[in-house]
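Read the structure below first, then the notes.
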Amino acid sequence: MDGAIMEKRGRPRKNVTKDDDTNPNVHEQNTASGDGAHEVEQISLARILNEIKDFRQDSHKQLQDIKEELDKSNRRIEEAENRIDEAETRIQNTEEVLEEMIWLTEQFEARLNDQEGRARRSNIRIYGVPEKAEANSSDFISFLEDLLKSTLDLNMPVELQIERAHRAFAPTPSVEARPRSIIAKFLNYRTKELVIKTAWEKKVVEWKGNRIFFDHDYAPDVLWKRRKYQDAKRILREHDIRFQARFPARLRVFYTEGTVIYNSAEEATTDMVKRGLPVTVLSTPSSLTERVQRLTWRKTGKKRGTPAHVHPSYKDKLLAFRRSQTEDKRCFGDGI
218 MDGAIMEKRG
228 RPRKNVTKDD
238 DTNPNVHEQN
248 TASGDGAHEV
258 EQISLARILN
268 EIKDFRQDSH
278 KQLQDIKEEL
288 DKSNRRIEEA
298 ENRIDEAETR
308 IQNTEEVLEE
318 MIWLTEQFEA
328 RLNDQEGRAR
338 RSNIRIYGVP
348 EKAEANSSDF
358 ISFLEDLLKS
368 TLDLNMPVEL
378 QIERAHRAFA
388 PTPSVEARPR
398 SIIAKFLNYR
408 TKELVIKTAW
418 EKKVVEWKGN
428 RIFFDHDYAP
438 DVLWKRRKYQ
448 DAKRILREHD
458 IRFQARFPAR
468 LRVFYTEGTV
478 IYNSAEEATT
488 DMVKRGLPVT
498 VLSTPSSLTE
508 RVQRLTWRKT
518 GKKRGTPAHV
528 HPSYKDKLLA
538 FRRSQTEDKR
548 CFGDGI
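Taking the numbering used here, the leading residue of the sequence shown gets 218, the next gets one more, and so forth.
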């Protein structure tokens, strides 16, 4: 037992380090393998650097291309904005001129209606006289003078002095249709006022079994505005509410609560509905000026290309990109 242990203890151990150090072949192999690993490492680093260099060059070229495309796009956008701005300015000026022209047209139209109304001040219109009732008279003026004297019981010291008289200029209606009105122009305005006042005071005027009506000879625009009250007047008559038409196109209504004067049919129908009267409400049409103003372009801000209002984030990014390029050149050199 002890001999075996001694034999085992006395067996010499193999010293790898000592043998490797003393063995020249092993030393050369280790040196060769170390040099080869170092060369491989250098080749790998060079390859990585070359790839990084190629990548940076490609990235730099791509960024340059992107920058050129952005510059082109910005120039096109700026040119489009300039054209749009010029078009908006031109349209806005045109709309302002159009509004001015509409205002002048409305002023001229109002003056024209006023002049036409003044020219018709000595005229009256008679409604309800049958067609061709004047056929048996020598002339229309003689027929009309006889009609007025017989229906209105006029006892005047002077003649009526009717300058001219005729039917309304419209196609001859059928037998069943309403006859055309008669227009008469007096030489004296006071005589005309006396005739129409007498007819209104008499209230019911008949001629040969036909009820006839007397009214002023209004201008077409005034007549159109007055006719818009027809539905409102019908409802007022049905409810026994007294009313009075005022010149040029107003309506005075005598309610129980008090007297109200309406300046338009739209205003009258709206208020009548609030009072519980069954009338159709007329909507107020938009004027040409209001329609143009609703469609007018308004500039709400400066255009995008203005130097003070170019997107700040975009400028900051460009500055940061330029700074990063400068720092990269300092780190890697201009050749990479």
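For every residue, glycine included, the Cβ atom is placed at its ideal position computed from N, Cα and C.
If you follow the beta strand (DSSP E) that Ile343 is part of, which residue opens it and which one closes it? Asn340 to Tyr344
Name the two residues that bound the continuous alpha helix (DSSP H) containing Glu507. Leu505 to Leu512
Counting Cβ pairs, one atom from each stretch, are 3 or more of them under 8 Å apart for the segment 436-451 and the segment 462-472? yes
If we ignore side chains and look at the alpha-carbon of each, how far apart do Tyr435 and Leu512 end up? 35 Å
Could you tell me which of Leu468, Gly493 and Glu285 sits nearest to Ala485, measuring between CA atoms? Leu468
If contacts are defined as beta-carbon pairs under 8 Å, then Thr368 and Trp424 qualify, I think. What distance do you get, rounded to the angstrom? 5 Å
Would you call the segment 402-422 and the segment 375-383 touching, i.e. three or more CB-CB distances under 8 Å? yes
For Arg397, which three-state DSSP category applies? coil
Hey, Val392 and Ile341 are a contact pair by Cβ (cut 8 Å); roughly how many whole angstroms apart? At roughly 26 Å, the Cβ-Cβ gap does not stay under 8 Å, so Val392 and Ile341 are not in contact.
Could you round the C-beta distance between Glu312 and Val509 to whole angstroms and report it? I think they count as a contact, below 8 Å. 6 Å
What number of angstroms, rounded off, separates the C-alpha of Pro396 from the C-alpha of Thr501? 32 Å
Considering only the beta carbon of each residue, do Val346 and Ile429 sit closer than 8 Å? yes
Return the bridge partner residues of Asn427 from the DSSP annotation. Trp424
Here's the rule I'm using: 16 or more other beta-carbon atoms within 10 Å means buried, otherwise exposed. How should Lys409 be labelled? buried
For the beta strand (DSSP E) that contains Ile478, what are its first and last residues? Thr476 to Tyr479
Beta-bridge partners of Phe471, as assigned by DSSP: Arg459 and Thr476
Where DSSP assigns a beta bridge to Ile358, which residues make up the other side? Per DSSP, none; premise fails for Ile358.
By the three-class DSSP mapping on this structure, what secondary structure does Asp432 have? strand
Are Glu348 and Pro390 touching if we call contact CB-CB under 8 Å? yes
Just to confirm my understanding: we take Lys419, look at its own chain, exclude 5 residues before and 5 after, and list those with CB closer than 6 Å. What are they? none
Around the Cβ of His456, are there at least 16 other Cβ atoms within 10 angstroms (buried) or fewer (exposed)? exposed
Do the segment 290-309 and the segment 354-366 touch if we need at least three Cβ pairs shorter than 8 Å? no
For Val498, collect the residues of the same chain with a Cβ closer than 7 Å to its Cβ; drop the 5 residues on either side in sequence, then sort them by chain order. Thr486, Thr487 and Val490
State buried or exposed for Ala382, treating a residue as buried only when at least 16 other CB atoms are found within 10 Å of its CB. buried
DSSP three-state assignment for Phe403, whether helix, strand or coil: strand
Nearest-angstrom beta carbon gap, Thr322 and Leu371 [assumed within contact, 8 Å]: 44 Å between Cβ atoms; not a contact.
Please classify Arg451: does DSSP put it in a helix, a strand, or coil? helix
Cα-Cα separation between Glu333 and Glu295, rounded to whole angstroms: 56 Å
For Phe325, is the classification buried or exposed, using 16 other Cβ atoms within 10 angstroms of its Cβ as the cut-off for buried? exposed
Near Val422, what residues of its chain come up, given a Cβ to Cβ distance below 8 Å and the 5 sequence neighbours on each side ignored? Thr368, Leu369, Ala416, Arg428, Ile429, Phe430 and Phe431
Report the residue from Arg273, Ala449 and Ser481 whose alpha carbon sits nearest the alpha carbon of Gly493. Ala449
Can you give me the start and stop residues for the alpha helix (DSSP H) that Glu483 sits inside? Ala482 to Lys491
Hey, Ile358 and Ser398: beta-carbon distance below 8 Å or not? no
Mind checking who Arg381 pairs with in its DSSP beta bridge? Lys402
Starting from Leu440, follow the alpha helix (DSSP H) in both directions and report where the run begins and ends. Pro437 to Arg444
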